[in-house]
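J.: The structure that follows is given in the form of structure tokens.
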Amino acid sequence: MNTTLHYQIPKAGSGRTISVFLLDTGYSARLLAHLRSAGGSFLLNGTPAFSNALLQEGDHLTVQIKEKKCSAQISPSPVPLSVLYEDEHLAVINKPAGMPVHPSQGHREDTLANAAAWHYRNQADSFVFRAVNRLDRDTSGLLLLANNMLSSCILSEQVGCHALHREYCAIVCGKPEPSGTVSLPIARKDGSTIERVCDAGRGDPAVTHYRLLAYNKDTDLSLIRLLLETGRTHQIRVHMKAIGHPIPGDFLYHPDFRRIKRQALHSALLRFSHPITGASMEFTAPLPEDMSRLFPGDYDLLSPFG
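Under numbering that gives the first Met the number 0, the first residue of the sequence shown carries the number 0, and numbering increases by one thereafter.
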């Protein structure tokens, strides 16, 4: 969606060009190129300006970010959408298990993207779907959307420098150690476009920390909490299988559906800085019913790692 931002230039910004000031504020070079090509993107003290204009302390800079594209291929569908928080810059969604994030063959109108297009269907601007973090179709929990080009740029940078803090809960087979770290590189499995394996020779570095929350001796299942240092495809699923504690209900890595009909993995916590205000943002999502029923009782899902 289109966005207008206002900046009062501080002393530190005096003598800098608009471009340099915005780069220091978190704009990417790509976004600045878009703003230059769009024309009319900058107002300095109410007057149109070029990006090489010099700033002085106390100046008022207005930046108008106008979308040039839209997600026209995503059709709005009245799919239920659990919105935990939203403003003009971002939205935090609690995604149910079984909902794909993006449309694909066989899932054209039942995805989170379709639900978001419906949710924002009445806005005057073009709708662009931007998911900041990734969740598999059968993984439930927290997903972050960027609602404009600047928030997407800044939040993506937070992902790249590991400033977007993600924690998960999972049910695994057997009883792992009370806590541990899995540091095993992950690569695409030979002959498969989807499946991943641990491969020290050609894999990308991947680190997962886990902590045991509860063990059910009757089912020989454990509830664990996980903290990711990296975000490789299928990282948790592959790492837990590699140490002998696969996730039940996982059609790729452990297709045991006796206790649960989907991979028992849930995005439970997201922590990040607001892309515009810099405020600390934290959101949690409780275990869904299909996971919580396997571990009735009281335990602290989100106590600090230590």
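Just so you know, even glycine gets a beta-carbon here, dropped at the ideal spot from N, CA and C.
1. Using CA coordinates, which residue listed in M98, V62, A199 is at the minimum distance from P79?
2. Considering only C-alpha positions, which residue in the set D137, H273, L111 is nearest to H233?
3. Can you tell me whether I193 is buried or exposed? The criterion is at least 16 other CB atoms within 10 Å of its CB, across all chains shown.
4. For D109, name the three-state secondary structure that DSSP assigns.
5. Looking at C-beta atoms only, is the number of pairs between the stretch 239-253 and the stretch 168-186 that lie closer than 8 Å three or more?
6. With which residues is V196 paired in a DSSP beta bridge?
7. Could you check how far apart the C-beta atoms of L142 and A130 are, in whole angstroms? I think they sit under 8 Å.
8. Extract the residue ranges of the beta strand (DSSP E) inside the stretch 21-92, only unbroken runs of 3 or more that lie entirely within it.
9. Looking at R258: is its Cβ nearer than 8 Å to the Cβ of L220?
10. Mind listing, in chain order, the continuous beta strand (DSSP E) runs of no fewer than 3 residues lying wholly within the stretch 216-246?
11. Please confirm whether I235 and T207 have their CB atoms less than 8 Å apart.
12. Decide if the stretch 80-96 is in contact with the stretch 50-70; the criterion is three or more beta carbon pairs, one per stretch, under 8 Å apart.
13. Helix, strand or coil, according to DSSP, for V181 in the structure here?
14. Go to G8, then tell me how far its alpha helix (DSSP H) extends in each direction, as first and last residue.
15. Of the choices C152, P175, H253, whose alpha-carbon is the least far from that of K216?
16. Are H265 and P295 closer than 8 Å when you measure CB to CB?
17. Tell me whether the beta-carbon of S27 lies closer than 8 Å to the beta-carbon of F41.
18. Checking 8 Å against the spacing of the C-beta atoms, do D203 and I185 come in under that value?
19. Tell me which residue opens and which closes the beta strand (DSSP E) that G159 is part of.
T.: Concretely, from the data shown:
1. Within the sequence shown, residue 79 is the residue found at index 80, counting from 1. Nearest of M98, V62, A199 to P79, Cα basis: M98.
2. Taking the first residue of the sequence shown as 1, we reach residue 233 at position 234. Of D137, H273, L111, the smallest CA-CA separation from H233 is found for D137.
3. On the sequence shown, residue 193 is found 194 positions in, with the first residue counted as 1. Flag for I193 reads exposed.
4. Along the sequence shown, one-based indexing puts residue 109 at 110. It is coil, neither helix nor strand.
5. In this structure the stretch 239-253 touches the stretch 168-186; the number of beta carbon pairs closer than 8 Å is three or more.
6. Counting from one through the sequence shown, the residue named residue 196 turns up at place 197. Its beta-bridge partners are A186.
7. Here residue 142 is taken as the residue at index 143 of the sequence shown, counted from 1. Here residue 130 is taken as the residue at index 131 of the sequence shown, counted from 1. The beta-carbon distance between L142 and A130, rounded to whole angstroms, is 6 Å. This is short enough to meet the 8 Å contact definition.
8. Complete beta strand (DSSP E) runs here, min 3: 41-43, 59-64, 82-85.
9. Taking the sequence shown and counting its residues from 1, the one referred to as residue 258 is at position 259. Taking the sequence shown and counting its residues from 1, the one referred to as residue 220 is at position 221. A contact, by the Cβ cut-off of 8 Å.
10. DSSP runs (the beta strand (DSSP E)) wholly in the stretch 216-246: 220-227.
11. Your numbering for residue 235 matches position 236 in the sequence shown. Your numbering for residue 207 matches position 208 in the sequence shown. A Cβ-Cβ contact shorter than 8 Å links I235 with T207.
12. Verdict: no, contact absent.
13. For the purposes of this step, residue 181 is taken as the residue at position 182 of the sequence shown. In the structure shown, the three-state DSSP call for V181 is strand.
14. Walking along the sequence shown from the start, residue 8 turns up at place 9. The identity of residue 8 in the sequence shown is Ile, whereas the question assumes Gly. Taken as a continuous stretch (DSSP letters only), I8 belongs to no alpha helix (DSSP H), as it is neither H nor E.
15. Translated into the one-based positions of the sequence shown, residue 216 becomes position 217. When the alpha-carbon of K216 is set against those of C152, P175, H253, the nearest one is in P175.
16. Stepping through the sequence shown from its first residue, residue 265 is reached at position 266. Stepping through the sequence shown from its first residue, residue 295 is reached at position 296. Contact flag unset, no.
17. Here residue 27 is taken as the residue at index 28 of the sequence shown, counted from 1. Here residue 41 is taken as the residue at index 42 of the sequence shown, counted from 1. Using a Cβ distance threshold of 8 Å, S27 and F41 do not count as a contacting pair.
18. Residue numbering aside, residue 203 sits at position 204 when the sequence shown is read from its first letter. Residue numbering aside, residue 185 sits at position 186 when the sequence shown is read from its first letter. Contact: yes.
19. Counted from its first residue, the sequence shown places residue 159 at position 160. It is not in any beta strand (DSSP E) - G159 instead sits in the alpha helix (DSSP H) that spans 148-159.
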